[in-house]
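Novice: Before anything else, here's the structure in question.
Numbering (this note's numbering), first residue to last: -18 to 167.
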């Protein structure tokens, strides 16, 4: 046999041996991964602790929102907040202080949805408590539902829903509404 024949046969044998080794080697299979839970809600990409968000209009503060934690969603459109303390600045120079356990803010419209035992107090002494409230920024208006209680001096109103301007000057309580003067409402 010629020298080239030996080289060709050697190459073929090496290729066969390499192929057999590749297919017959004992490599452990990767362990199966548990199925991933489907995420509910938007994905959070940024988280801040102890921050304040401020809204201004024509150089005047409209509101300040402070929260123990603020998480921004992946699309950047929603802020999820915990332990909220808000100050809404009234047009007459006073303030409305609002406290809520949790809520969200649409970062484009600045509308807010707050939940939990919410309490608002104005510098005039008016207060209201409610379970859920929405603040519509364009209207500077609150819309609340659930165990509504509003007080001004010795006047107490209770009901299912409340509509109030951000200055707490124009108030409307509806649904099983009860008004008492000079005493506590039941």
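The beta-carbon is built from N, C-alpha and C at its ideal position, and this holds for glycine as well.
It should be emphasised that the depicted structure is a prediction, and the values quoted were computed from it without experimental measurement.
Given a cut-off of 8 Å on the beta-carbon distance, is the pair residue 122 and residue 158 in contact?
Specialist: Taking the chain shown and counting its residues from 1, one reaches residue 122 at position 141. Taking the chain shown and counting its residues from 1, one reaches residue 158 at position 177. Cβ distance not < 8 Å, so residue 122 and residue 158 don't count as in contact.
Novice: In the DSSP assignment, find the unbroken beta strand (DSSP E) run with residue 59 in it and report its ends.
Specialist: Translated into positions along the chain shown, residue 59 becomes position 78. First-last of the beta strand (DSSP E) with residue 59: 59 to 70.
Novice: Can you tell me where the beta strand (DSSP E) holding residue 78 begins and where it ends?
Specialist: Stepping through the chain shown from its first residue, residue 78 is reached at position 97. Residues 76 to 87.
Novice: What residues are listed by DSSP as bridge partners for residue 244?
Specialist: Because the chain is modelled from -18 through 167, residue 244 falls outside the range shown and cannot be assessed.
Novice: Can you find the residues in the same chain that come closer than 6 Å, C-beta to C-beta, to residue 166, ignoring five residues on each side of it along the sequence?
Specialist: Locating residue 166 in the chain shown gives position 185, where the first residue counts as 1. With a pLDDT of only 48 at residue 166, under the threshold of 50, the placement of this residue in the model should not be trusted; the figure read from the coordinates follows. For residue 166, where only same-chain residues beyond five positions count, the Cβ hits under 6 Å are 137, 139, 159.
Novice: Our contact map puts residue 107 next to residue 132 with C-beta atoms below 8 Å; I'd like the distance itself, whole angstroms only.
Specialist: Along the chain shown, one-based indexing puts residue 107 at 126. Along the chain shown, one-based indexing puts residue 132 at 151. Yes, residue 107 and residue 132 are in contact; Cβ-Cβ is about 7 Å, under 8 Å.
Novice: Just to confirm before moving on: does the CB-CB distance between residue 104 and residue 85 stay below 8 Å?
Specialist: As a first step, residue 104 is located in the chain shown; it is residue number 123 there, counting from the start. As a first step, residue 85 is located in the chain shown; it is residue number 104 there, counting from the start. No, these two residues do not count as a Cβ contact at 8 Å.
Novice: With distances taken from CA atoms, which of 101, 56, 66 is nearest residue 35?
Specialist: For the purposes of this step, residue 35 is taken as residue 54 along the chain shown, with counting starting at 1. Of the listed residues, the one whose Cα sits closest to residue 35 is 66.
Novice: Since residue 222 is in the beta strand (DSSP E), which residue starts that stretch and which ends it?
Specialist: Residue 222 is absent from the structure shown; the chain starts at -18 and stops at 167.
Novice: What are the boundary residues of the beta strand (DSSP E) that residue 146 is part of?
Specialist: By one-based count along the chain shown, residue 146 stands at place 165. 136 to 146 is the span of the beta strand (DSSP E), which, as asked, contains residue 146.
Novice: Using CA atoms only, rank isn't needed, just tell me which of 38, 81, 76, -14 is closest to residue 49.
Specialist: In the chain shown, residue 49 corresponds to position 68, counting from 1. The shortest Cα separation from residue 49 among 38, 81, 76, -14 belongs to 81.
Novice: Would residue 72 and residue 96 qualify as a contact pair, given that the criterion is a beta-carbon distance under 8 Å?
Specialist: Here residue 72 refers to the residue found at position 91 when the chain shown is read from its first residue. Here residue 96 refers to the residue found at position 115 when the chain shown is read from its first residue. Cβ distance not < 8 Å, so residue 72 and residue 96 don't count as in contact.
Novice: Taking the straight line between their C-alpha atoms, what separation do you get for residue 145 and residue 124?
Specialist: Numbered from 1 along the chain shown, position 164 holds the residue referred to as residue 145. Numbered from 1 along the chain shown, position 143 holds the residue referred to as residue 124. About 7 Å.
Novice: With 16 as the cutoff for other CB atoms within 10 Å, does residue 110 come out buried or exposed?
Specialist: Within the chain shown, the letter at position 129 stands for residue 110. Counting Cβ neighbours within 10 Å, residue 110 comes out buried, since at least 16 surround it.
Novice: On a CA-only basis, which of -8, 128, 61 is nearest residue 87? Give me that one, please.
Specialist: In the chain shown, residue 87 corresponds to position 106, counting from 1. Among -8, 128, 61, the Cα nearest to that of residue 87 belongs to 61.
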